[in-house]
Each structure stands twice: as structure tokens, then as C-alpha cells.
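Adding 269 to a residue's 1-based position in the sequence shown gives its number in the numbering used here. Built from N, CA and C at the ideal position, the CB exists for glycine as well. The structure appears below as C-alpha cells.
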Amino acid sequence: MPIEEKGASADRHSAGQSAASAAHLSYVLGFDGGQTGTTCLLAGSDGAILGRGVGGGLVHLARPDGQQRMRSALCEAVASAWQMAGLPPQRCAAVYLGLTGVENGTPEAAMAEQIAGELIEADIITAANDATSALAGALLGKPGVVVIAGTGAIALGGDETGRQVFSGGWGWLLGDEGSASYLGRRGVLAALRAWDGRDPPTQLLPLLREHFHLDDFYGLKRIIYGSTLEAPLFADLAPLVVKAAQEEDAVAQQIVTEAAYELALVASAVINRLSFGGDSVPVAPLGGVFRAGDLVLRPFRRRLCRLQPRARIVAPILPAACGSVLLALRACGALTETTIARLVSDAWQRGWAHVE
270 MPIEEKGASA DRHSAGQSAA SAAHLSYVLG FDGGQTGTTC LLAGSDGAIL GRGVGGGLVH
330 LARPDGQQRM RSALCEAVAS AWQMAGLPPQ RCAAVYLGLT GVENGTPEAA MAEQIAGELI
390 EADIITAAND ATSALAGALL GKPGVVVIAG TGAIALGGDE TGRQVFSGGW GWLLGDEGSA
450 SYLGRRGVLA ALRAWDGRDP PTQLLPLLRE HFHLDDFYGL KRIIYGSTLE APLFADLAPL
510 VVKAAQEEDA VAQQIVTEAA YELALVASAV INRLSFGGDS VPVAPLGGVF RAGDLVLRPF
570 RRRLCRLQPR ARIVAPILPA ACGSVLLALR ACGALTETTI ARLVSDAWQR GWAHVE
């Protein structure tokens with residue numbers, strides 16, 4: 270397997286246990302924690318998926334409420350997974366957490382591992398960026414790149430040497446160009462400029478007024494500055510920008526095209542920094558922004574292939590939560606071609622292979 274994980278902590282191993290002995294235990298847990306929700310999959314060491322649970326969204330651990338929100342989300346998700354499986358919570362061979370805002374091998378990763386260890390009994394607990402799980406699921410651990418455009422935006426690639434490189438993922442205040450929050454914020458700015466008469470009229474004006482039930486746009490100022498100013502506030506507005514673009518609003522179309530170009534840039538940056546062999550580099554697009562279909566995919570593909578002629582757009586095979594299960598199986602020494610095949614089969618049969 271080419272994926273190298275940098276976020277593992279040796280102290281997550283129980284005394285006297287090793288990865289080899291952990292492989293004989295029965296269960297693994299894989300988490301995908303994002304800003305809008307957390308998913309947990311419970312699987313056996315044979316790759317069979319036994320249960321699924323969901324919890325709340327996460328915020329950066331540095332925030333005052335960051336640790337408590339993570340505890341609540343993980344607790345809710347894992348409890349639901351065990352309940353669906355019809356099993357009482359038991360000690361796991363390995364737990365892998367792919368979490369937004371957690372960088373591999375950082376203090377935040379260690380803190381996330383500690384929080385998970387307070388809630389879950391396991392021999393191995395690893396926390397890393399959620400893009401790591403997305404890459405493992407999308408390409409089943411093979412070399413390539415994932416571009417994730419959900420509430421935030423990030424690209425991650427891994428080459429044949431096992432080296433991994435990120436691009437983007439700086440959060441909505443510092444970056445996340447191409448994300449849903451980017452689309453929503455750009456849509457609001459375009460509408461305000463049109464309201465002022467600084468830019469041409471746009472269908473975003475009536476769409477936003479209807480969405481917020483506004484008599485005029487001065488009310489929008491009160492809503493925005495009176496909120497907690499989190500990324501989902503703007504991400505929720507992305508569908509309005511997409512709708513306007515689909516109705517051939519020139520302003521909205523320009524915003525969507527620029528978002529697609531930004532996503533191509535982060536993918537290209539990753540490819541430039543890695544050493545891929547072969548004639549092509551698979552690039553899997555993920556996240557809600559790509560649900561807009563050709564409106565986003567066509568300019569994304571056009572820009573990426575111009576920047577990287579070897580890039581080949583591929584459909585992701587499994588979602589990030591399944592990728593976390595795959596990485597948990599690997600961590601406890603249970604990952605084989607057979608367990609991968611079982612994981613893929615179960616995910617599709619149970620309807621959990623859908624990738625957004």
C-alpha cells in the first residue's frame with residue numbers, strides 16, 4: 270500500500286499490544302468527520318461492514334467549543350454504529366479518524382486521538398486529515414489525487430513512493446477556493462455589488478432575498494454579522510449560485526467557472542510536487558460542489574488537463590468513511606486484497622458506497 274500516515278501516535282498502543290497481535294481482534298472503526306457531519310463505520314477484521322452511525326459536524330479544535338463538539342460527534346456516531354450492528358461496544362483492534370481541520374502529525378491530531386481514546390477502547394487509534402481517508406477510499410490506496418470540494422476545499426495526492434502532499438485546505442477565512450463556502454460568499458458579494466450598482470444585475474439578488482426573506486439587502490448585513498460566521502453559513506448558499514448559473518446568469522456562471530479553475534489549481538499543485546510514474550495520473554473529484562455536474566466538471570477538466578496533460582478524471586470508488594476503515598484495517602495488519610474486496614462489496618450492497 271502506498272499511503273504513508275504521519276499522524277499515528279505510538280502511545281495509542283496499549284501496553285504489551287502490537288499491530289501484529291491487534292490483527293487477531295475482531296473490530297475496526299473508521300470515521301469521516303467534516304464540518305457538516307460525522308460518519309462512523311464499524312467493520313470486522315475480514316472487511317465486512319457491520320454498522321453505520323452519524324453524528325454532528327466538527328469545528329477546529331483550537332476553538333473554545335472544538336473539543337466538546339468532537340466528543341459529542343464521535344460519541345453519537347460510534348454509539349449508532351454499534352446499535353445498528355446489534356452489538357454492545359467492544360474493544361477494537363484499530364480506529365482511524367479522518368477529521369477536518371486536523372493535520373497529520375500535529376498537536377491537533379494527538380488531541381483528537383486522546384479524545385477518541387477517552388470514548389473508545391482500542392489498541393491503535395490514529396487521527397489525520399479527512400482528505401487522507403478520502404484518498405484511500407476513492408482510489409483504494411493506489412497512487413493518485415483526490416480533490417475535495419465540500420464546505421471546504423483541499424487536494425491530496427500520494428505517489429508510488431508513499432509520499433503524500435496537500436494543497437489548499439486553509440479554511441474559509443484564509444482560502445478554500447472552489448468550495449461551497451467560497452461559492453456562497455462570492456455569490457453574496459456579487460449580489461451586494463449589484464445592489465449598489467457597482468456591477469451588472471444578477472439573479473442572485475432575488476434568490477438571496479427570497480432565501481433570507483429580505484425586504485431589502487440591508488437586512489442581509491444584520492443576518493451575516495449577527496451570526497457566528499462559520500463556513501456552513503455561506504456553504505448553504507452555494508446551491509443558489511449553482512441555480513443561477515444553470516439559468517444562464519452570467520455573474521453566477523463566472524463564479525462557478527472560477528471555482529472550478531481553483532479546484533484544478535490545487536490538483537495541479539499536488540501533481541507538480543509528487544513523482545508519478547506511468548502515462549496518466551488518476552484524479553478523483555469529491556464533495557458536494559461536484560454534484561453540480563458538468564457545470565463544474567467541464568471547466569475543472571478543461572483547466573486541469575491544460576495544466577497537467579497526464580491527468581485523468583476518474584470516479585471515486587468508495588467514500589471517505591470506507592477509506593478510514595481501509596486504513597484502520599491496514600493499521601492492525603488485517604488489510605489484504607480479500608478484505609478490500611469484501612469492504613467494497615459490502616459498501617455497495619448496503620448502499621453506503623455513494624460518494625458525494
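{"Check": "Residue environment, glutamine 433, which counts as buried when at least 16 other CB atoms sit within 10 Å", "Outcome": "buried"}
{"Check": "Reduced DSSP category for asparagine 373 - H, G, I as helix; E, B as strand; rest coil", "Outcome": "coil"}
{"Check": "At least 3 beta-carbon pairs within less than 8 angstroms: the stretch 545 to 554 vs the stretch 368 to 375", "Outcome": "no"}
{"Check": "Runs of beta strand (DSSP E) lying entirely within the stretch 536 to 600, each at least 3 residues, in chain order", "Outcome": "550 to 555, 580 to 582"}
{"Check": "Range of the contiguous alpha helix (DSSP H) that encloses valine 457", "Outcome": "449 to 465"}
{"Check": "Enclosing beta strand (DSSP E) for glycine 426 [first to last residue]", "Outcome": "422 to 427"}
{"Check": "Assigned secondary structure, glycine 335 (DSSP; H/G/I helix, E/B strand, else coil)", "Outcome": "helix"}
{"Check": "Assigned exposure category for glutamate 390 - 16 Cβ within 10 Å defines buried", "Outcome": "exposed"}
{"Check": "Identity of the residues DSSP links to phenylalanine 300 by a beta bridge", "Outcome": "Cys309, Leu366"}
{"Check": "Cβ contact (3+ pairs, closer than 8 angstroms) linking the stretch 430 to 444 and the stretch 529 to 548", "Outcome": "yes"}
{"Check": "Through-space distance from methionine 380 to isoleucine 394, alpha-carbon basis", "Outcome": "11 angstroms"}
{"Check": "Residues that serine 436 bridges to, as DSSP identifies them", "Outcome": "Ala424"}
{"Check": "Distance between leucine 598 and glycine 419 (C-alpha atoms, nearest Å)", "Outcome": "26 angstroms"}
{"Check": "Reduced DSSP secondary structure (H/G/I, E/B, other) of glycine 413", "Outcome": "strand"}
{"Check": "Where alanine 317 falls: helix, strand or coil (DSSP)", "Outcome": "coil"}
{"Check": "Own chain, CB closer than 6 angstroms to valine 520, minus 5 neighbours either side, in chain order", "Outcome": "Ala459, Thr471"}
{"Check": "Alpha carbon of glycine 421 to alpha carbon of proline 358, nearest angstrom", "Outcome": "33 angstroms"}
{"Check": "Bridge partners - valine 323, DSSP secondary structure assignment", "Outcome": "Thr308"}
{"Check": "Beta-carbon gap between glycine 367 and aspartate 399 smaller than 9 angstroms", "Outcome": "yes"}
{"Check": "Whether arginine 340 touches tryptophan 621 by CB criterion (9 angstroms)", "Outcome": "no"}
{"Check": "Terminal residues of the beta strand (DSSP E) in which threonine 607 lies", "Outcome": "Looking at the DSSP string, threonine 607 is not in any beta strand (DSSP E); the run it does join, the alpha helix (DSSP H), is 606 to 618."}
{"Check": "Classification of aspartate 615 by the beta-carbon crowding that lies within 10 angstroms, buried from 16 upward", "Outcome": "buried"}
{"Check": "Contact set for proline 585: own chain, Cβ-Cβ below 6 angstroms, skip 5 residues either direction", "Outcome": "Ala407, Ala553, Leu555, Val624"}
{"Check": "Where alanine 521 falls: helix, strand or coil (DSSP)", "Outcome": "helix"}
{"Check": "Assumed close pair glycine 325, alanine 350 - CB separation to whole angstroms, cut-off 8 angstroms", "Outcome": "Glycine 325 to alanine 350, Cβ: 15 angstroms. No contact."}
{"Check": "Alanine 513 versus Ala378, Val415, Leu474, Gly557, residue with shortest Cα-Cα distance", "Outcome": "Leu474"}
{"Check": "Any chain C beta carbon closer than 9 angstroms to leucine 311", "Outcome": "Absence of chain C from the displayed structure is noted, only one protein chain being present."}
{"Check": "Supposed close pair leucine 506, glycine 562 - CB separation, criterion 8 angstroms", "Outcome": "Not a contact, Cβ separation roughly 19 angstroms."}
{"Check": "Spatially closest choice to cysteine 344 from Ile384, Ala312, Asp334, by CA coordinates", "Outcome": "Ile384"}
{"Check": "6 angstroms CB neighbourhood of histidine 293 in its chain, flanking five on each side removed", "Outcome": "Only weak support exists for where histidine 293 lies, its pLDDT of 49 falling under 50; the value from the coordinates is given anyway. So the list is empty, once near-sequence residues are dropped."}
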